[in-house]
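Asks: Here it is, the structure in full.
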Amino acid sequence: MFKITFGKTRYNADKLMIDDSNNQLQLGNGFVMTNLCANVSLHDFLAYVNKHYHLGDNIINADIWYSRNGGSENNTNYIVERLDINTAPSTEPSFERLLFIDERQVHNYGVKIMDVEGDLILLMTPRFVYTIRLSQGELHNLAQFKEAIAHEKTLTMPILTKIVQKLTQQNTIALSSHAYNRNS
Numbered sequence: 493m494f495k496i497t498f499g500k501t502r503y504n505a506d507k508l509m510i511d512d513s514n515n516q517l518q519l520g521n522g523f524v525m526t527n528l529c530a531n532v533s534l535h536d537f538l539a540y541v542n543k544h545y546h547l548g549d550n551i552i553n554a555d556i557w558y559s560r561n562g563g564s565e566n567n568t569n570y571i572v573e574r575l576d577i578n579t580a581p582s583t584e585p586s587f588e589r590l591l592f593i594d595e596r597q598v599h600n601y602g603v604k605i606m607d608v609e610g611d612l613i614l615l616m617t618p619r620f621v622y623t624i625r626l627s628q629g630e631l632h633n634l635a636q637f638k639e640a641i642a643h644e645k646t647l648t649m650p651i652l653t654k655i656v657q658k659l660t661q662q663n664t665i666a667l668s669s670h671a672y673n674r675n676s
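Numbers given in this note's numbering equal positions in the sequence shown, counted from 1, plus 492.
Written out as structure tokens, the structure reads:
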């Protein structure tokens, strides 16, 4: 499970989403980190997290990043708060080390390709199950789909669209997705 260390506590961070209006980073497991440092951009922090995730790191230390990127040495740079007591992280060892960024810009760390059949692709992340529908055409070969995405480190809807267009040999295909929370 991918983790970020804030202070002396490690938090599961398999789904990160920035809320610019509140200057917060939602960790996806019932916790939210509020950035208190005016000099630091959460978008830069998220880019750092993504880079180190792709390098194979399983634990990111936020204090080190803040100290190197304009954080205060005397004042508190962030605060982590619990939002929802009933959210429990899911731990499944079979997730592939991929970053999936959905249409809402939610960063999901770890992806499992469940199935492709007809106009439907089924993906699972530690927090969500995604159904992705093709506007036209059909896919029937799970192994071929997995092989087509094998060289990708980050999956986004535009990247998936290009892969599906190549596999179906139709250039006008569009994809739409819907996420279902696995913990509810």
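Heads up, the beta-carbon is just placed ideally off N, CA and C, and yes, glycines get one too.
1) Restricting to Cα atoms, I'd like to know which of E573, M616 and L575 is closest to F592.
2) Classify R596 as buried or exposed, calling it buried when 16 or more other Cβ atoms lie within 10 Å of its own Cβ.
3) I'd like to check one pair, L528 with N553: are the Cβ atoms closer than 7 angstroms?
4) Pick helix, strand or coil for I577, following the three-state DSSP scheme.
5) CA-CA distance, S627 and A671?
6) Just checking my contact of Q518 with D511 at CB under 8 angstroms: how many whole Å lie between their CB atoms?
7) Ignoring anything shorter than 3 residues or poking outside the segment 506–590, list the beta strand (DSSP E) runs there in chain order.
8) Spatial neighbours of S669 within its chain, please: C-beta separation below 8 angstroms, excluding the five flanking residues on both sides.
9) What number of angstroms, rounded off, separates the C-alpha of Q636 from the C-alpha of D611?
10) Of all the options H599, I655 and W557, which has the alpha carbon lying nearest to the alpha carbon of N521?
11) If distances are taken between C-alpha atoms only, which option among E565, I571, V608 and E630 comes closest to Q662?
12) Alpha carbon to alpha carbon, how far is V532 from Y558? Give it in angstroms, no decimals.
13) Can you tell me the Cβ-Cβ gap for I571 and T526, rounded? I've got them flagged as a contact below 8 angstroms.
14) For V524 and F498, what's the separation of their Cα atoms in angstroms?
15) My assumption, with CB atoms under 8 angstroms, is that L590 sits in contact with K543. Please give the rounded CB distance.
16) Identify whether V603 lies in helix, strand or coil by the three-state DSSP scheme.
Replies: In short, the structure shows the following:
1) Here residue 592 refers to the residue found at position 100 of the sequence shown. Closest option to F592, Cα to Cα, is M616.
2) Within the sequence shown, numbered from 1, the residue matching residue 596 stands at position 104. Exposed, by the Cβ-count rule.
3) To locate residue 553, count along the sequence shown from 1; it is residue 61. To locate residue 528, count along the sequence shown from 1; it is residue 36. Not a contact, by the Cβ cut-off of 7 angstroms.
4) If you number the sequence shown from 1, residue 577 lands on position 85. The predicted model places I577 with a pLDDT of 48, which falls under 50 and marks its position as unreliable, so this point remains unresolved.
5) What you label residue 627 is simply residue 135 of the sequence shown in a count that begins at 1. What you label residue 671 is simply residue 179 of the sequence shown in a count that begins at 1. Rounded to whole angstroms, S627 to A671 spans 17 angstroms at the Cα level.
6) Locating residue 518 in the sequence shown gives position 26, where the first residue counts as 1. Locating residue 511 in the sequence shown gives position 19, where the first residue counts as 1. Their Cβ separation, rounded to whole angstroms, is 6 angstroms, which keeps Q518 and D511 in contact under 8 angstroms.
7) 507–511, 516–518, 523–527, 551–553 and 570–574
8) Along the sequence shown, read from residue 1 onward, the residue named residue 669 stands at position 177. The residues are D594, E595, Y622, T623, I624, R625 and M649.
9) Here residue 636 is taken as the residue at index 144 of the sequence shown, counted from 1. Here residue 611 is taken as the residue at index 119 of the sequence shown, counted from 1. Straight-line Cα distance between these residues: approximately 15 angstroms.
10) On the sequence shown, position 29 is the one that residue 521 refers to. Among H599, I655 and W557, the Cα nearest to that of N521 is on H599.
11) One-based indexing of the sequence shown puts residue 662 at position 170. Out of E565, I571, V608 and E630, E630 has the C-alpha closest to the C-alpha of Q662.
12) Here the question's residue 558 lines up with position 66 in the sequence shown. Here the question's residue 532 lines up with position 40 in the sequence shown. Computed Cα separation, rounded: 8 angstroms.
13) Indexing the sequence shown from 1 puts residue 571 at position 79. Indexing the sequence shown from 1 puts residue 526 at position 34. Indeed they touch by this definition, with Cβ atoms about 5 angstroms apart.
14) Walking along the sequence shown from the start, residue 524 turns up at place 32. Walking along the sequence shown from the start, residue 498 turns up at place 6. Computed Cα separation, rounded: 11 angstroms.
15) The count along the sequence shown starts at 1 and reaches residue 590 at position 98. The count along the sequence shown starts at 1 and reaches residue 543 at position 51. The pair is not a contact, with the Cβ atoms about 15 angstroms apart (cut-off 8 angstroms).
16) Position 111 of the sequence shown, counted from the start, is the residue given in the question as residue 603. Note: V603 maps to strand in three-state DSSP.
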